[in-house]
Structure formats: structure tokens, C-alpha cells
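Heads up, the thing below is written out as C-alpha cells.
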Amino acid sequence: MPRKIVVTVILIFTMIFTGGCWSRREVEDLSIVSALGIDRFKEGNRQKYRTSALVVRSRQLGGRQQPAEEKNPDWLVAEVGNTLYDAERNMTHRAPRTLVLYHSDIILIGQKTARQGIGDILDYLQRHKDIRLRNWVLVGKEDARTILANMPELEQTLTNEITEILTKTSPLVSESYPVDLNLFTQALLEPGWDAVAPMVRTIASSEAAGSQRKQMEPRQTIALDGLAVFRGEKMVGRLTPEETKGFLYILGKAQGGIIPASAENGKGKLSFLQISSDSRFKPIIKNGRIVMEVNIYAEANIGEVDGDVQVGDPKVLKKLNATFSRAVKGLAWKTLRKAQKKLRADVFGFGVSIHRRYPDYWREIEKDWYDIYPDLPVTIKVEGKVRRTNIISDPFTIK
Numbered sequence: 169m170p171r172k173i174v175v176t177v178i179l180i181f182t183m184i185f186t187g188g189c190w191s192r193r194e195v196e197d198l199s200i201v202s203a204l205g206i207d208r209f210k211e212g213n214r215q216k217y218r219t220s221a222l223v224v225r226s227r228q229l230g231g232r233q234q235p236a237e238e239k240n241p242d243w244l245v246a247e248v249g250n251t252l253y254d255a256e257r258n259m260t261h262r263a264p265r266t267l268v269l270y271h272s273d274i275i276l277i278g279q280k281t282a283r284q285g286i287g288d289i290l291d292y293l294q295r296h297k298d299i300r301l302r303n304w305v306l307v308g309k310e311d312a313r314t315i316l317a318n319m320p321e322l323e324q325t326l327t328n329e330i331t332e333i334l335t336k337t338s339p340l341v342s343e344s345y346p347v348d349l350n351l352f353t354q355a356l357l358e359p360g361w362d363a364v365a366p367m368v369r370t371i372a373s374s375e376a377a378g379s380q381r382k383q384m385e386p387r388q389t390i391a392l393d394g395l396a397v398f399r400g401e402k403m404v405g406r407l408t409p410e411e412t413k414g415f416l417y418i419l420g421k422a423q424g425g426i427i428p429a430s431a432e433n434g435k436g437k438l439s440f441l442q443i444s445s446d447s448r449f450k451p452i453i454k455n456g457r458i459v460m461e462v463n464i465y466a467e468a469n470i471g472e473v474d475g476d477v478q479v480g481d482p483k484v485l486k487k488l489n490a491t492f493s494r495a496v497k498g499l500a501w502k503t504l505r506k507a508q509k510k511l512r513a514d515v516f517g518f519g520v521s522i523h524r525r526y527p528d529y530w531r532e533i534e535k536d537w538y539d540i541y542p543d544l545p546v547t548i549k550v551e552g553k554v555r556r557t558n559i560i561s562d563p564f565t566i567k
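The sequence shown begins at 169 in the numbering used here and counts up one residue at a time.
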């Protein structure tokens, strides 16, 4: 018996330490896709799909500084198919290595395609075993292939540049809102909530493509441009960067940005530097009708004073709280009116809030929500607080 136990233990250790990864694929045999673009178009009477993939050129990502005229570190490959999977597989004919999507960070959908409807695209994305729910979803003002063909300005790849702008610098101005595939899908599936996605567009760069080139052509790059708004599966419009700021205040997610305002005494202008915000939705049934109360809490510092405004005076500072509150409320109202009256899309999730507080009432109105929402009475209350005047208190005055 002991001999059998010893043999068994030896066999177990042999299997543990000599076993390998049967399905392993060497990185040298793979082409890593960092961003996937999706467009839909007509070819005659037939509907076609175009998938565009940004593939990282590993040799271009070395430690040495790359001259401007060298190759783009991204390789853009695009192919057409009768279905999305067909288009994706057709891209493999162009690649000397296997294209893999499990390291992708961005899903980019062209605006024209988004306005037609994205139900089939979401089926493909959710069903695909290699596409992670952590991918950022964006909508391009132009078609996806055009945007992905741009060069990065500071980062090594265009995907990194978009990701860094979206997650690190855009919160400083509160004019965009990062949405991953998980949140985007959740909003599309949840009754009483419509999805948004950050928009991106092509702009002319201030830098030339290469200092040694004979013909100095302006270089194209990318910029975020507010939010795409969906009602159901279709994009129905957009929020401008300023309207996006109001959207974030209503959600309580405004982290930064500048709020210009005029002083109470009419003798100057100020810039409030937003530092934090929060919000609460309170649905109330009055006389058998639902109304919504939105409470916004915002904090800011004084970023700039232009004129005779004694911000160091506690009495003046108290008035500035009211000035700041009115400015925030104005932004929120502008966004709310557009979302309700023009876009008719519940991007704030008011319906979800009603469902949570009054589930029985929600079941009665759910099927008519898109008819009720545009005329839903909403009150917005803002409690603004100016925390600091920053380095100096009184206005800078030259004697």
C-alpha cells in the first residue's frame, strides 16, 4: 500500500511540473488589436459591414525616439463582409499573424451607423468570446475607419491617446463621459434609461506631419466632442460639450471644469473651478401624477476674478455661493430641456429611479414612458458651495 501511495504522489507531481498550456499561442504569432471600428453601408441593395482594426506594430514601440516621418506605430486594416463576423474574418487575409481582440480597449462606431441602429452590433459584441466588457464605447462623427486612420500627437498609439484623453484629461473639464461596453449595454437593456457614448471627431492638428517634408500638409488628429444620445438602439442626437457638463451635474459626476459667471454687483466676472459634485433623484407621486425632484450638490474654488469683487469678504463669499448655484442650475436646465423636449431620451435614468421607489406604479406607466417623459415635471435644486479663493483672496490690483 505505501508503494502505491508513493507512485501516485510521484505521478501527481510529474503532471503538475511537466504539464504545459495546451492552447498557448506565442506572442510572435499574434497581431494585437487595440481598437475596433464598425461601419455599416449599402452596396447596391445589399447591406454590408466594414470592420477596421488598429494593430500595434511592436517594432515601432521601442525605447528610442521615433522621427516624425517614420511609420505610424499603428497598422490600420479594414475589410468588408456580409456580416460583422464575416468582415472580421476577412481581415485575417491581410494579416501575416492571427488577429486577436482580447487586448482591445476601444469599440468605435460611426455616427451614420449608430443612427441606423446598433442592435445587431451589440449582439456581435456581446456574443464574441474575445471582446471584453471593459472596452470603451465611442461614436465617431465621421466613419470609424476615417477616425482610426489619424496619427497620435503625444502617445505612442492612437488607442492610448484616446484612452488617456477619455479617462484622465476629459474629467478635468467635465465635457465628456467615459462609457464602457458593460455600462452601455446595461443602459440599452434597462427600461427607463437611455444610453450615451462619448463622441470623437477628426480635427486639423497644429503640427505638420514632418519637418523634413517638402510639402507641408496639415496633420489630422482626434478630439472628443460631447456625447452621442441614444433612444433605444438608435442614436437620436448629441449633447454639446457644454450640455455634457450639465448632464454630468444632473448625474452628480462633474469632477472638474470652469464655470464662468458675472459678479452680483455687475462690476466683474469670475471663474469657478469645479472640484466635486453629487446628486439625488427623488420621484414623488402628486395627485396621481409622477414628478421628479433633482437635488444637486456642487463645490468649487475661485479660479479667477476679473473686476472689483472682494472674494475675501465672508459676506461676498456667501453671495458667490448663490451665483455659483445659479450657474450650475442654468447648465443643468439647458441639458434637461434638450433631453426631454428635443431628443426625448431619458439619459438620466429617471425611469429607473421611479421603478426603484414605486415599482407598482412603474409597471403601470412603463409601456407609455416615452410619451410621459417629455412632459415629466422636474424641479432642480442646487446647493453650491465655494470652498476657497485659492492663493490670494482679494482681486489682484496694481496701484
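In this text, a Cβ means the ideal position worked out from N, Cα and C, and glycines have one as well.
Check your understanding: Taking C-beta to C-beta, are F518 and L485 nearer than 9 Å?
Key -> If you number the sequence shown from 1, residue 518 lands on position 350. If you number the sequence shown from 1, residue 485 lands on position 317. Not closer than 9 Å, so no.
Point to revise | Cβ-Cβ distance between R512 and V364 below 9 Å | key: As a position in the sequence shown, residue 512 is number 344, starting the count at 1. As a position in the sequence shown, residue 364 is number 196, starting the count at 1. No, the pair does not count as a contact, with Cβ atoms beyond the cut-off.
Check your understanding: Mapping DSSP to helix, strand and coil, what is L395?
Key -> Stepping through the sequence shown from its first residue, residue 395 is reached at position 227. Strand at L395.
Review point. When the Cα atoms are used, what is the spatial distance from T331 to I173?
Key: On the sequence shown, residue 331 is found 163 positions in, with the first residue counted as 1. On the sequence shown, residue 173 is found 5 positions in, with the first residue counted as 1. Cα-Cα distance, rounded: 55 Å.
Check your understanding: Which residues mark the beginning and the end of the alpha helix (DSSP H) in which P482 is found?
Key -> In the sequence shown, counting from the first residue as 1, residue 482 sits at position 314. Start and end: 482-505.
Practice item. Just mark K497 as buried or exposed, buried being the case when its beta carbon has 16 or more other beta carbons within 10 Å. Key: Within the sequence shown, the letter at position 329 stands for residue 497. Buried, because 16 or more other Cβ atoms sit within 10 Å of the Cβ of K497.
Practice item. List the endpoints of the continuous beta strand (DSSP E) containing S447. Key: Mapped onto the sequence shown, residue 447 falls at position 279. 436-454 is the span of the beta strand (DSSP E), which, as asked, contains S447.
Check your understanding: Mind checking P366: buried by the 16 CB within 10 Å criterion, or exposed?
Key -> By one-based count along the sequence shown, residue 366 stands at place 198. With 16 or more Cβ atoms within 10 Å of its Cβ, P366 is classed as buried.
Check your understanding: In whole angstroms, what is the alpha-carbon distance linking S272 and D362?
Key -> Residue numbering aside, residue 272 sits at position 104 when the sequence shown is read from its first letter. Residue numbering aside, residue 362 sits at position 194 when the sequence shown is read from its first letter. Between S272 and D362, the C-alpha separation is close to 25 Å.
Review point. Mind checking whether A422 and G552 have CB atoms under 9 Å apart?
Key: Looking up residue 422 in the sequence shown gives position 254. Looking up residue 552 in the sequence shown gives position 384. Result no, Cβ atoms of A422 and G552 do not sit closer than 9 Å.
Practice item. Drop a sphere of 10 angstroms on the beta-carbon of N350, count the other beta-carbons inside from all chains shown, and report buried for 16 or more, exposed for fewer. Key: Translated into positions along the sequence shown, residue 350 becomes position 182. It counts as exposed.
Check your understanding: With 16 as the cutoff for other CB atoms within 10 Å, does L301 come out buried or exposed?
Key -> Indexing the sequence shown from 1 puts residue 301 at position 133. Label assigned to L301: exposed.
Exercise for review: Keeping to the same chain, check which residues put their C-beta closer than 6 Å to that of D474; ignore five residues upstream and five downstream.
Suggested key: Locating residue 474 in the sequence shown gives position 306, counting from the first residue. Excluding positions up to five away in sequence, the list reads G436, K437.
**Study point:** Inter-residue Cα distance where the pair is Q277 and I286
**Key:** Your numbering for residue 277 matches position 109 in the sequence shown. Your numbering for residue 286 matches position 118 in the sequence shown. Sequence inspection shows Ile at residue 277; the Gln mentioned does not correspond to that position. Rounded to the nearest angstrom, the two C-alpha atoms are 9 Å apart.
**Study point:** Integer Cβ distance of Y526 from P451, believed to fall under 8 Å
**Key:** In the sequence shown, the residue the question calls residue 526 occupies position 358. In the sequence shown, the residue the question calls residue 451 occupies position 283. Correct: roughly 7 Å between the Cβ atoms.
Practice item. Report yes or no: do three or more beta-carbon pairs, one from the region 296-313 and one from the region 341-359, lie closer than 8 Å? Key: yes
**Study point:** Own chain, CB closer than 7 Å to E358, minus 5 neighbours either side, in chain order
**Key:** Taking the first residue of the sequence shown as 1, we reach residue 358 at position 190. Hits under 7 Å: V520.
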